[in-house]
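Colleague: In our numbering, the protein residues as written are 5 to 120. We put the beta carbon where it would ideally sit given N, CA and C, even for glycine. Take this structure first; my questions come after.
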Ligand code: TYC
């Protein structure tokens with residue numbers, strides 16, 4: 005019977021001997037590594053214009069006009085919506101860029117970061 009480790013089950017332990025006769029336990033790295041991704045969640049407010057939100061979704065989040073419209077309406081009608089999913093530093097940069105553009109345009113538009 006082959007061991008769980010030989011069969012490559014995620015997280016199983018491979019029991020081996022090293023040259024000194026000691027037992028070395030190797031954690032078999034077959035577990036699927038979860039990519040650490042974060043959602044940038046766009047938040048609704050009563051003052052930011054729909055046109056400005058579309059501009060941000062297209063310019064910062066690289067959405068097509070149709071996808072930007074869909075996301076903007078999702079936020080407008082439901083209070084929040086996912087603008088994109090990114091590694092941490094990219095998510096942070098997008099939110100910072102959005103904050104800068106919103107401040108310059110004097111809109112209260114905000115976005116949050118959530119674990120994906
Ligand atoms: N609710 C805004 C309006 O009616 C539009 C809007 C949509 C604002 C999405 C923010 O993230 C937002 N002008």
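CB-CB under 6 Å to residue 58, same chain, minus the five flanking residues each way: which ones, in chain order?
Modeller: Same-chain partners within the cutoff: 72, 76.
Colleague: Please decide whether residue 57 counts as near chain B, where near means a Cβ-Cβ distance under 8 Å.
Modeller: The structure shown has no chain B; it contains just one protein chain.
Colleague: Keeping to the same chain, check which residues put their C-beta closer than 6 Å to that of residue 46; ignore five residues upstream and five downstream.
Modeller: Excluding positions up to five away in sequence, the list reads 79, 85, 87, 115.
Colleague: Say yes only if the C-beta of residue 102 is nearer than 7 Å to one or more non-hydrogen atoms of the ligand TYC, and no if none qualify.
Modeller: Checking every heavy atom of the ligand TYC against the Cβ of residue 102, none is found closer than 7 Å.
Colleague: Which residues bound the beta strand (DSSP E) around residue 90?
Modeller: Segment 84-90, the beta strand (DSSP E) holding residue 90.
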